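Here the sequence shown is numbered in the working numbering, starting from 1 and rising by one per residue.
Virtual Cβ for every residue (Gly too), placed ideally from N, Cα, C.
Since the model is a prediction, treat every value here as computed from it, not as a measurement.
First comes the structure, then the notes that go with it.
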Amino acid sequence: RFWGALFGLWAVSITVLSSLSALPSPPQRETLWDLDKLVHVAAYAIGALFLTTAIRLHRAGPAWETGAIAWFWMVVYGWIDELHQCFVPNRTGLDPGDLLADALGAAVGVTFILILYAGTQPRRNGLPDRIATRGDPAS
Numbered sequence: 001r002f003w004g005a006l007f008g009l010w011a012v013s014i015t016v017l018s019s020l021s022a023l024p025s026p027p028q029r030e031t032l033w034d035l036d037k038l039v040h041v042a043a044y045a046i047g048a049l050f051l052t053t054a055i056r057l058h059r060a061g062p063a064w065e066t067g068a069i070a071w072f073w074m075v076v077y078g079w080i081d082e083l084h085q086c087f088v089p090n091r092t093g094l095d096p097g098d099l100l101a102d103a104l105g106a107a108v109g110v111t112f113i114l115i116l117y118a119g120t121q122p123r124r125n126g127l128p129d130r131i132a133t134r135g136d137p138a139s
């Protein structure tokens, strides 16, 4: 529940920021990977960390499935957020570069969590074996 709540808080924060007509931003350069795109990558990596962890701790099944599900929903959320920006004054939506940066960030976050939890299975208490037994002298 904790990780799901963190993801929900992240999603609300992204939606609120996307609803602002003008966000403070540095001067724009005509390159694909300017600061705006790096912010998208970082933001969606953080969201994917939260979502992947929430799914992994509450769903049985192969880790790759968990990663695919989390990545898919992060990309869907990114697309919906970009679509939403089409209706916000002074914002442009459906920017292919933003969508690519969102998907890349989601992939980074998902991959990080899958590597972190590699070889573990969620336990009934919702914690992976490796983390649930940390500091337990009997293990």
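- For residue 90, same chain residues with a beta-carbon under 6 Å away, outside a window of 5 residues either side, are 21 and 22 in chain order.
- Here the segment 57 to 64 does not lie against the segment 79 to 88, with fewer than 3 beta-carbon pairs under 8 Å apart.
- Residue 80 counts as exposed, since fewer than 16 other beta carbons sit within 10 angstroms of its beta carbon.
- For residue 56, the enclosing alpha helix (DSSP H) starts and ends at 35 to 58.
- Around the C-beta of residue 55, 16 or more other C-beta atoms lie within 10 Å, and the residue is accordingly described as buried.
- The shortest C-alpha to C-alpha distance from residue 40 to any of 49, 106 and 110 is the one to 106.
- Contact check between the segment 11 to 18 and the segment 65 to 74: fewer than three CB pairs, one atom from each, fall below 8 Å, which does not count as touching.
- At a Cβ-Cβ threshold of 9 Å, residue 7 and residue 47 count as neighbours.
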